[in-house]
Amino acid sequence: MSSKLKLYDTARRETSEFVPIVSGKASIYVCGATVQAAPHVGHIRSGVNFDILRRWLVASGLETTFIRNVTDIDDKILHKAIHEEAPWWAVAMKYERAFSDAYRALNVLPPTYEPRATGHITQMIELMEKLIANGSAYAPGNGDVYLEVRKLKRYLTLSNQKLDDLQSAGDAEDTSKRDPRDFALWKAAKPGEPSWPTPWGAGRPGWHLECSAMAAAYLGDEFDIHGGGLDLVFPHHENEIAQSESAGQKFARRWMHNAWVTTSGEKMSKSLGNSLLVMEVLKRVRGVELRWYLGSAHYRSMLEFSFEALDESATAFRRIENFLIRVKESGAEITKVIHPAFADAMNDDLAVPQALALISEWLRAGNSALSAGESALEQASAIRGALDILGCDPFDPNYGLGAKNLDAAVDGLIALLLEQREAARVRKDFAAADAIRDRIIALGINIEDTPSGPRWSVNG
RNA sequence: GGUGGAGUGGCCGAGAGGCGAGGCUCGGGACUGCAAAUCCCGCUACACGGGUUCAAAUCCCGUCUCCACCUCCA
Numbered sequence: 110m111s112s113k114l115k116l117y118d119t120a121r122r123e124t125s126e127f128v129p130i131v132s133g134k135a136s137i138y139v140c141g142a143t144v145q146a147a148p149h150v151g152h153i154r155s156g157v158n159f160d161i162l163r164r165w166l167v168a169s170g171l172e173t174t175f176i177r178n179v180t181d182i183d184d185k186i187l188h189k190a191i192h193e194e195a196p197w198w199a200v201a202m203k204y205e206r207a208f209s210d211a212y213r214a215l216n217v218l219p220p221t222y223e224p225r226a227t228g229h230i231t232q233m234i235e236l237m238e239k240l241i242a243n244g245s246a247y248a249p250g251n252g253d254v255y256l257e258v259r260k261l262k263r264y265l266t267l268s269n270q271k272l273d274d275l276q277s278a279g280d281a282e283d284t285s286k287r288d289p290r291d292f293a294l295w296k297a298a299k300p301g302e303p304s305w306p307t308p309w310g311a312g313r314p315g316w317h318l319e320c321s322a323m324a325a326a327y328l329g330d331e332f333d334i335h336g337g338g339l340d341l342v343f344p345h346h347e348n349e350i351a352q353s354e355s356a357g358q359k360f361a362r363r364w365m366h367n368a369w370v371t372t373s374g375e376k377m378s379k380s381l382g383n384s385l386l387v388m389e390v391l392k393r394v395r396g397v398e399l400r401w402y403l404g405s406a407h408y409r410s411m412l413e414f415s416f417e418a419l420d421e422s423a424t425a426f427r428r429i430e431n432f433l434i435r436v437k438e439s440g441a442e443i444t445k446v447i448h449p450a451f452a453d454a455m456n457d458d459l460a461v462p463q464a465l466a467l468i469s470e471w472l473r474a475g476n477s478a479l480s481a482g483e484s485a486l487e488q489a490s491a492i493r494g495a496l497d498i499l500g501c502d503p504f505d506p507n508y509g510l511g512a513k514n515l516d517a518a519v520d521g522l523i524a525l526l527l528e529q530r531e532a533a534r535v536r537k538d539f540a541a542a543d544a545i546r547d548r549i550i551a552l553g554i555n556i557e558d559t560p561s562g563p564r565w566s567v568n569g
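Position 238, counted from 1, in the first sequence is what the numbering used here calls 347; the numbers after and before it change by one each time, with no gaps.
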């Protein structure tokens, strides 16, 4: 690599060189989904952004452990279960699968491990015992367990807020708290709710405890990067820090947060309906095209979603893809090369937009070379290497499988039609030639005449 | 009220003191029987008002507008 990897740290509010705790290795914990609804494009952007980070760390030679949790028990899941008249665990699993399907469709690599909150109750109880023993947390006797934020030596360091400046919480009527800002590690079970036994009574995990417990379980006392959406900074990540530090852990060295997908300048909310669910958007564009779109903005910039921009982005991607296919059709083996300029861009806090500018340059040079009958292998290899890091390699077997068996048959059929068109063109019967072409185009197949004869491709 | 972020050409989107990132759209041209694809040329922008500087989109002061978080959030 020609430069050193620098990454932004939310806590320090600046970029700095990434120095792994253990040389040659990287450990990442990303807050994944609360599986209470199907994923929308905002959820999946987070998945894509951190997948690009992960791929780049791996490409940089780091042995990377990537943990992304599933929150499979919380208030909303319980509410949803009542609404859907199904057991809470069936609801959680249904939406966990929906997330998994979306990740797969967008070629987001599976995490090294994907822990579920409900599978780590033991670790949570151990953590609470430690926190109560050292006086950081208390159990008022009603089955709840709280962390006492006034006793923290430091708190709100990520969001840079002062405890007294916080607007008072809405649940201030909860009198079992010593301070209204104390947060629940553990919630006492209400009648009919799922619960697990603890020394303080049966109940279920608070939202924040699971991540502290699971990060420690898989990554240890200290790990390199903790990631998640920008809206998790407070309270979720602040409270994770509070819990883990109070338990004597060093916790995350660096915090990274992805910005939102917005619509009409505003953060996407679930009230917008179903139109921006990943599976709905995938009826319009392919997974690789949605990924290209979501990954094209810098991860810390808001991405203003629009179908127009999505379509444009998809068109731009097809242009790149088309180039690679043409090079491949010429018989060349396109390897994946990490160009030094691309490495520089990625090392600069994952400057994907700059990388896209490079790809544009290589694309133009490569197309020119092809037109001139020269080899475009160098450009194609650099582009493919870059696309691979972005998770958008069109030759990645994760994309476009399924229709493969038909390809040979379709290729033969269209070749047959194109032969007839060529025959018409040779005898200058352009009306007949164009009629054949129009019929093919009407089927959604693009036709291009090249010096080496016509070629076809499926139109989106 | 507290804490952050943003305002760049028709549109999208980088950059963070000095050669106009890049893409899309649009206009012109090359190539083509015509298209498509591709390439070339063109379209000189940084919310507003001051200031610092030889030089400001970039730094400083002030103003306006928008967005987010403040215990459900990717």
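Cβ coordinates follow ideal geometry from the N, Cα and C atoms, glycine included.
* **Residue nearest to Ile545 in terms of C-alpha spacing, selected from Glu528, Pro560 and Arg536** => Glu528
* **Closest by C-alpha distance to Val446, when choosing among Pro289, Ala168, Leu328 and Leu272** => Ala168
* Asked: Among Tyr255, Arg154 and Thr143, which one has its Cα closest to the Cα of Trp401?
  -> Arg154
* Determine the DSSP secondary structure at Phe332, reduced to helix, strand or coil. => strand
* Terminal residues of the continuous beta strand (DSSP E) containing Asn367? -> Phe360 to Asn367
* To do: Find the nearest neighbour of Tyr138 within the set Ala326, Ala201 and Ala485, judged by alpha-carbon distance.
  => Ala326
* Whole-angstrom distance between Ile468 and Gly436, CA atom to CA atom -> The sequence shown places Val at residue 436, rather than the Gly named in the question. Cα to Cα, the separation comes out at about 15 Å.
* Going by DSSP, what residues sit across from Asn251 in a beta bridge? -> In DSSP, Asn251 forms no bridge with anything.
* Does DSSP classify Val446 as helix, strand or coil? -> coil
* **Burial state of Glu456 (16 or more Cβ within 10 Å)** => Here residue 456 is Asn; the residue named in the question, Glu, does not match the sequence. Buried: at least 16 other Cβ atoms inside 10 Å.
* Compare the beta carbon distance of Ala142 and Trp364 with 8 Å and say whether it is the shorter of the two. => no
* **Through-space distance from Leu433 to Arg177, alpha-carbon basis** => 33 Å
* Over the uninterrupted beta strand (DSSP E) stretch that includes Val200, give me the two end residues. => Per DSSP, Val200 belongs to no beta strand (DSSP E); it is in the alpha helix (DSSP H), Trp197 to Ala214.
* 7 Å CB neighbourhood of Gly151 in its chain, flanking five on each side removed -> Trp369, Val370 and Met377
* **Three-pair Cβ contact test at 8 Å for the segment 253–264 versus the segment 212–221** => no
* In terms of residues, what are the limits of the beta strand (DSSP E) holding Met297? -> For the sequence presented, residue 297 should be read as Ala rather than Met. Its beta strand (DSSP E) spans residues Phe292 to Ala297.
* Asked: Do Ala466 and Gln488 have their CB atoms nearer than 8 Å?
  -> no
* Endpoints, the beta strand (DSSP E) within which Ile565 is located -> Looking at the sequence itself, residue 565 is Trp, so the reference to Ile does not match. Where Trp565 is concerned, the enclosing beta strand (DSSP E) stretches over Gly562 to Val567.
* Asked: By how many angstroms is the C-alpha of Ala454 removed from the C-alpha of Pro462?
  -> 9 Å
* Whole alpha helix (DSSP H) runs in the segment 414–471 with 4 or more residues, listed along the chain? -> 416–438 and 449–456
* To do: Specify the secondary structure class of Phe175 as computed by DSSP and reduced to three states.
  => strand
* To do: Specify whether the segment 295–314 and the segment 178–187 touch according to this definition: at least 3 beta carbon pairs, one from each stretch, less than 8 Å apart.
  => yes
* Identify every residue that forms a DSSP beta bridge with Tyr117. => Thr124
* Length of the line joining the Cα atoms of Ser268 and Leu499 -> 30 Å
* With distances taken between CB atoms, is the gap from Ala418 to Glu319 smaller than 8 Å? -> no
* **When Lys271, Phe332, Leu294 and Pro148 are compared against Ser209, the one with the closest alpha-carbon** => Pro148
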